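One structure is given below, encoded as structure tokens.
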Amino acid sequence: MTVYRNSINGAWCESRGTRRVANINPANTADVLGETPLSTREEAVAALDAAAAAFAGWRRTPAPRRGEIVTRAARLLAERKEAIARTLVREEGKILSEALGEVQRSINIAEFAGAHGRRLTGQTIPLELPENLGYTIRQPLGVVSLITPWNFPAAIPVWKIAPALVSGNTVVFKPATITPATAALVVECFIEAGVPPGVLNMIYGSGNEIGDVLIDHPAVRAVSFTGSTEIGLDVYRRAAARGIRAQCEMGGKNPVIVMEDADLDLAVAGVFAGAFGSTGQRCTATSRVILMHPVADAFLERIVTLTRAMRLGDGLQPGIDMGPCVDAAQMHKVLDYVAVARAEGAELLCGGARADAGDLARGCFVEPTIFDRARPEMRISCEEVFGPVLAAIRVESFAEAMAAANTSEFGLTSSIYTRDVSHVFRYIDEIETGITHVNSPTLGGEAQMPFGGMKATGVGPREQGVEVFDFYTETKAVYIDYTGIRREGKLY
Numbered sequence: 006m007t008v009y010r011n012s013i014n015g016a017w018c019e020s021r022g023t024r025r026v027a028n029i030n031p032a033n034t035a036d037v038l039g040e041t042p043l044s045t046r047e048e049a050v051a052a053l054d055a056a057a058a059a060f061a062g063w064r065r066t067p068a069p070r071r072g073e074i075v076t077r078a079a080r081l082l083a084e085r086k087e088a089i090a091r092t093l094v095r096e097e098g099k100i101l102s103e104a105l106g107e108v109q110r111s112i113n114i115a116e117f118a119g120a121h122g123r124r125l126t127g128q129t130i131p132l133e134l135p136e137n138l139g140y141t142i143r144q145p146l147g148v149v150s151l152i153t154p155w156n157f158p159a160a161i162p163v164w165k166i167a168p169a170l171v172s173g174n175t176v177v178f179k180p181a182t183i184t185p186a187t188a189a190l191v192v193e194c195f196i197e198a199g200v201p202p203g204v205l206n207m208i209y210g211s212g213n214e215i216g217d218v219l220i221d222h223p224a225v226r227a228v229s230f231t232g233s234t235e236i237g238l239d240v241y242r243r244a245a246a247r248g249i250r251a252q253c254e255m256g257g258k259n260p261v262i263v264m265e266d267a268d269l270d271l272a273v274a275g276v277f278a279g280a281f282g283s284t285g286q287r288c289t290a291t292s293r294v295i296l297m298h299p300v301a302d303a304f305l306e307r308i309v310t311l312t313r314a315m316r317l318g319d320g321l322q323p324g325i326d327m328g329p330c331v332d333a334a335q336m337h338k339v340l341d342y343v344a345v346a347r348a349e350g351a352e353l354l355c356g357g358a359r360a361d362a363g364d365l366a367r368g369c370f371v372e373p374t375i376f377d378r379a380r381p382e383m384r385i386s387c388e389e390v391f392g393p394v395l396a397a398i399r400v401e402s403f404a405e406a407m408a409a410a411n412t413s414e415f416g417l418t419s420s421i422y423t424r425d426v427s428h429v430f431r432y433i434d435e436i437e438t439g440i441t442h443v444n445s446p447t448l449g450g451e452a453q454m455p456f457g458g459m460k461a462t463g464v465g466p467r468e469q470g471v472e473v474f475d476f477y478t479e480t481k482a483v484y485i486d487y488t489g490i491r492r493e494g495k496l497y
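In the working numbering, the protein residues as written are 6 to 497.
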């Protein structure tokens, strides 16, 4: 049985932790890929100490050189794309096409961040006194802790690791315990690309056991976290207590508004992809569709037809449309939400049960599910399910649609389907989400665009795009007086 190893100070080493978590294929729970060790606090400290010791040398490495190393990592990810994707399918459950897409996104992010090694620029700023020069420079923070979830075990680590390294920081990375193999393959690419010992460290373990060490260790200057709202807010509080930076990307409850003038075929395709792609296990999943009453019946008839035709199964098999929930606990959570929705009075149109016919009984499959006549205050309309469940809300006006869309405490992404330019710009102005789409699904984002949300979805600067470098660097203001003459400084 494979036992995954930590990577500390350039060496792959077995954990001293005595407890382990099985890495189980959610499409076939008899298929055990290996075991993830729950590392000790002492091992976490060793990883952080290694990162602290490596910082002085790494920060002196020119930014273009750091960028070249990250760009080489992108090339290695590309060379190993198929192998990484297949591993990802086995331990997380995505279908192969989705896993290949995730690895490609990882490649794009690493390429973008690597190129930014030649663009970590400051500004020259005019000063009031003559013969004085003012400018700014970016400098790294130090040791950063990166904590990532299981649902995108390649892309999310890369979108944290790559900009952190290019900025000149050293890293301790804690991946999710149930997707350890993909994380190891990603880290291998960075190390083989030339990241020096101690600059990138990876440690497996429970958040309860080592999470506080990754925040409270005196060398840590920033924490980037993606995961649940409850844990993210705790990370933010703990970081604030130490006066260090925190970037927390948390939950989503993403709406799509379908106006009566929408291209229904386009809208149905977009909502279908958003609701059931990646089994709904993504923070950008479409979980609410807000329908203008005149088009509601036609829209729902079309999307229910598509949904009932979906083929569930092992994502490595051809012809499969949707994989399993990541594990039994997530499957039961989704089914619990289905029961709550029915009890609250939502009308079940399709799905709503465990999928267990034939080989599906070996895995953690839930039927893709659609509810009609949900109300904005229902739990199915407010809380993040993180599974293949879509709630339809019927409205009579644009104003009512916007009110329903903004009811959620979350604000990650949203979309509107309409041909009316007035509605488009009013929606962009009024919607309370960090990412907005027009006539396209709520899913994903590109490497060069900022990623993050409003309200309870996130705190701290955005990830991805050029904005991410605001999180991973300090700005230093420089004043140079080249007159050689003593002058009284101005007081402000």
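Backbone N, C-alpha and C define an ideal beta-carbon position, used for all residues, glycine too. Model, not experiment: these values are computed from the prediction.
C-beta contact flag for residue i and residue j at 9 Å
i: residue 294; j: residue 260; result: yes
i: residue 346; j: residue 385; result: yes
i: residue 474; j: residue 200; result: no
i: residue 393; j: residue 463; result: no
i: residue 180; j: residue 167; result: no
i: residue 465; j: residue 439; result: no
Euclidean distance between Cα positions of residue i and residue j
i: residue 359; j: residue 340; result: 7 Å
i: residue 251; j: residue 476; result: 8 Å
i: residue 411; j: residue 382; result: 11 Å
i: residue 342; j: residue 270; result: 29 Å
i: residue 380; j: residue 408; result: 12 Å
i: residue 276; j: residue 214; result: 39 Å
i: residue 65; j: residue 116; result: 22 Å
i: residue 319; j: residue 417; result: 30 Å
i: residue 89; j: residue 20; result: 23 Å
i: residue 221; j: residue 247; result: 7 Å
i: residue 77; j: residue 296; result: 47 Å
Closer than 8 Å: residue i CB and nearest the ligand FMN heavy atom
i: residue 333; result: With respect to the ligand FMN, the structure offers nothing, as it holds no ligand at all.
With 16 other Cβ atoms within 10 Å as the buried cut-off, status of residue i
i: residue 485; result: exposed
i: residue 6; result: exposed
i: residue 95; result: buried
i: residue 487; result: exposed
i: residue 262; result: buried
i: residue 184; result: buried
i: residue 427; result: exposed
i: residue 469; result: buried
i: residue 298; result: exposed
i: residue 134; result: exposed
i: residue 154; result: buried
i: residue 335; result: buried
i: residue 258; result: buried
i: residue 467; result: buried
i: residue 446; result: buried
i: residue 430; result: exposed
i: residue 363; result: exposed
i: residue 97; result: buried
i: residue 245; result: exposed
Interface flag, residue i vs chain C, CB-CB below 9 Å
i: residue 24; result: Of the protein chains in this structure there is only one, and it is not chain C.
Cβ distance (whole Å) where residue i is taken to contact residue j below 8 Å
i: residue 41; j: residue 25; result: 6 Å
i: residue 195; j: residue 151; result: About 12 Å; that fails the 8 Å criterion.
i: residue 173; j: residue 71; result: 6 Å
i: residue 176; j: residue 56; result: 6 Å
i: residue 93; j: residue 86; result: Their Cβ separation, rounded to whole angstroms, is 10 Å, which puts residue 93 and residue 86 out of contact at 8 Å.
i: residue 289; j: residue 449; result: 6 Å
Please go through the segment 355-438 and give each complete alpha helix (DSSP H) segment of 4 or more residues, from N-terminal end onward.
Scanning the segment 355-438 from its first residue to its last, the whole alpha helix (DSSP H) runs of 4-plus residues come out as 384-387, 403-410, 426-435.
Taking the runs of the alpha helix (DSSP H) that are 4 residues or longer, which of them lie wholly in the segment 178-261?
DSSP runs (the alpha helix (DSSP H)) wholly in the segment 178-261: 185-197, 217-221, 234-247.
Extract the residue ranges of the beta strand (DSSP E) inside the segment 64-123, only unbroken runs of 3 or more that lie entirely within it.
Listed in chain order, the beta strand (DSSP E) elements of length 3 or more contained wholly in the segment 64-123 amount to none.
For the segment 270-298, which segments carrying the beta strand (DSSP E) assignment without a break, of at least 3 residues, lie completely within its bounds, in sequence order?
Complete beta strand (DSSP E) runs here, min 3: 291-297.
Quick one: which unbroken beta strand (DSSP E) runs of 3-plus residues sit fully inside the segment 307-360? Chain order, please.
As far as the segment 307-360 is concerned, its whole beta strand (DSSP E) runs of at least 3 residues are 352-355.
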